[in-house]
Every structure is written in C-alpha cells, then in structure tokens.
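Contents: one structure, followed by commentary.
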Amino acid sequence: MWEEAGAWFWAHVVAAILIIWGDSNGTLEPAVNKFEERLGIRTELPPEDEEEVPYYMPPIEDEPIDSTWILPEYVPKDTTRND
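Numbering of the sequence shown is given in numbering that gives the first Met the number 0, commencing with residue 0 and proceeding in unit increments.
Spelled out as structure tokens, the structure:
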C-alpha cells in the first residue's frame, strides 16, 4: 500500500507535520513573518484594541414586505377527468 505513494505524497506529509509541529510550538507565525519579509510582502495588521469601524451600515428596518405578488395563484388541474 505504501509502496505506491510517490515523492509528492511524502513531501506533503512531511510539510503538514512540520506546519502542525511549528504551530504547536508557537514558532510558525514568526517563521512565516520572516519569510514574508524576505520576499518583501510583509504587511502589518492594525492593532486589535482599535474599535473604530471603517464604515457603518445602518441596520435594515423591519418593515413588512408584501410578497404575495411574487407567487402566482395556484389552481391545480384535475388530470383524472376525461370530459
């Protein structure tokens, strides 16, 4: 069963184990940040204590919606009669 597994499979298994192990040790996030800095794509997140919302959408007013015009009047046909 394990003989058929190719190199890509085992590379993914090893990568997954390393990611899980790094995350459990608390070293994954600093390593990813260092890698992003080397690539030049590192971005800083805003502080979490900031409570300012970037935009405000007022809540939708609860007004009754007449949806009876959406549904057509249903009149069942009697298909059993042969007049």
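By construction, the Cβ of each residue, glycine as well, lies at the ideal position given by its N, Cα and C atoms.
Note that the structure is predicted; figures quoted are calculated from it, not measured.
Leu38: member of the alpha helix (DSSP H) spanning 27-38, first to last residue. Secondary structure note for Ile18: its alpha helix (DSSP H) is the uninterrupted segment 6-24. Cβ neighbours of Glu35 within its own chain (closer than 6 Å, five residues either side excluded): Arg41.
The alpha-carbon of Gly25 is positioned some 23 Å away from that of Gly39. Between Leu27 and Ile18, the CB-CB gap stays under 8 Å. Here Ala10 is actually not in contact with Gly21; their C-beta atoms are around 16 Å apart, not less than 8 Å.
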